[in-house]
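Undergrad: Just so it is clear: in the sequence shown, position 4 is 1147 by our numbering, and no numbers are missing.
Just so it is clear, CB atoms sit at the ideal spot from N, CA and C, and this is done for glycine as well.
One structure coming up, written as structure tokens, with questions to follow.
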Amino acid sequence: MTMFDDEFNRIFKKMSNSFFNIDDIFEEFKTKGTSQGPYYYGYTMTVGPDGKPIVKEYGNTKPELVSAAKTREPVVDTIVDEKEKLVKLVAEMPGVEKSDVKILVEEKSVNITAEHGEKKYKIDVPIQCKVDENSAKATYKNGILELVFKITQDEKPKGKTVEVK
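In structure tokens, the structure reads:
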């Protein structure tokens, strides 16, 4: 068992207690000094006796010190409508203009990128069914990109079945 395992087990046992104090657990990390990570940050919020909220921060870093990724991955929902034979992708990309959005449809994935000033988005969305690339219709309004494709019928496999006699 390594030192890490011992420390993990000790912390886990302490957290398993139904009456542990989260501040005590993170205070131990602070005092030991973790200069190489992992980095963590959080807060607890309670209501004091006077009815006012009390917010306590914990962790070994502050949110403003954590470098944010330059390119974000937008939240994308994929909706397959078998009845209408459509696939609809809905992506949230606030802060860009519709002229900034670039869409590339490949075999079974859609590559979406957008860049406007410091706002940069990039994602590859896998598509489970075969779509007609030429049927793609995209709209962008109020930070929401909607992309709709028609589902194409799967082609029958080519070739000939030979019966064994």
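Name the DSSP beta bridge partners of MET1188, please?
TA: For the purposes of this step, residue 1188 is taken as the residue at position 45 of the sequence shown. Beta-bridge pairing links MET1188 to VAL1198.
Undergrad: Grouping DSSP H, G and I as helix and E and B as strand, with all else coil, what is ASN1277?
TA: Within the sequence shown, the letter at position 134 stands for residue 1277. Correct three-state label for ASN1277: strand.
Undergrad: Does LEU1310 pass the burial test, meaning 16 or more other C-beta atoms within 10 Å, or should it be called exposed?
TA: Because the chain in this structure spans residues 1144 to 1308, residue 1310 falls outside the shown range and cannot be described.
Undergrad: Between VAL1291 and LYS1280, is the Cβ-Cβ spacing less than 7 Å?
TA: Here residue 1291 refers to the residue found at position 148 of the sequence shown. Here residue 1280 refers to the residue found at position 137 of the sequence shown. Yes; because the gap between Cβ atoms is below 7 Å, this pair is in contact.
Undergrad: With a CB to CB cut of under 7 Å and the five nearest residues on each side skipped, what residues in its chain are close to HIS1259?
TA: If you number the sequence shown from 1, residue 1259 lands on position 116. Only GLY1238, VAL1239, GLU1240, ASP1243 meet the Cβ criterion.
Undergrad: On the criterion of 16 or more Cβ atoms from any shown chain inside 10 Å, does VAL1230 qualify as buried, or is it exposed?
TA: Here residue 1230 refers to the residue found at position 87 of the sequence shown. Buried.
Undergrad: LYS1228 to SER1278, Cα distance in whole Å?
TA: Position 85 of the sequence shown holds residue 1228. Position 135 of the sequence shown holds residue 1278. The straight-line gap from Cα to Cα measures roughly 12 Å.
Undergrad: Would you kindly work out how many angstroms separate the C-alpha atoms of LEU1288 and GLU1249, rounded to a whole number?
TA: The residue you call residue 1288 lines up with position 145 of the sequence shown. The residue you call residue 1249 lines up with position 106 of the sequence shown. Approximately 18 Å between the Cα atoms of the pair.
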